[in-house]
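Q:
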């Protein structure tokens, strides 16, 4: 059973999947930082210096704090600003993946469009092919 598990764990696609998950998690952190630290401040500045992370609706009369972290301590809140930020994260990730896959498909099409290099047929093979064709055509032998 241990041997079977080792064979399963070391298969190429299992290792590739593990590498993909790890790289995907790291890529997610990069995009999260890109959105939170670069895009959201710019969007906030464009629409009047607003910070989306503190956008929420208090679902309880006890919620009086203007800060989301404090409001969560006071009661239930609907934090739509976080949802908006995560939605923007998703759109950016989806767009980047679309562009990467589009570029990969374009490169693959270029590779497929290239004609395969034609190897020069050696002289002896040409001669043998001619003899075969003459014999197959039923021409009288000399």
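Numbering (the numbering used here), first residue to last: 7 to 148. A virtual CB, placed ideally from N, CA and C, is assigned to each residue, including glycine.
Between the segment 67-81 and the segment 42-52, can you find at least three pairs of beta-carbon atoms closer than 8 Å?
A: With a cut-off of 8 Å, the segment 67-81 and the segment 42-52 do not count as touching, because too few Cβ pairs lie within range.
Q: Residue 34 and residue 58 - do their beta-carbons sit closer together than 7 Å?
A: The answer is no: Cβ separation not under 7 Å.
Q: Looking at C-alpha atoms only, which residue of 19, 24, 99, 61 is the closest neighbour of residue 39?
A: 99
Q: Nearest to residue 46 by alpha carbon, out of 135, 91, 105?
A: Minimum Cα distance to residue 46 is reached at 91.
Q: Going by the beta-carbon positions, is the gap between residue 103 and residue 82 smaller than 7 Å?
A: no
Q: Report the partner residues of residue 106 according to the DSSP bridge assignment.
A: Residue 106 is not bridged to any residue.
Q: Out of curiosity, what's the CA-to-CA distance linking residue 114 and residue 106?
A: Distance between the alpha carbons of residue 114 and residue 106 is about 12 Å.
Q: Is the Cβ-Cβ distance between residue 95 and residue 37 less than 7 Å?
A: yes
Q: Can you give me the Cβ contacts of residue 60 inside the same chain, cut-off strictly under 8 Å, excluding the 5 residues immediately before and after it?
A: 72, 73, 74, 87.
Q: Tell me the DSSP bridge mates of residue 64?
A: 83
Q: Residue 85 and residue 62: beta carbons closer than 7 Å?
A: yes
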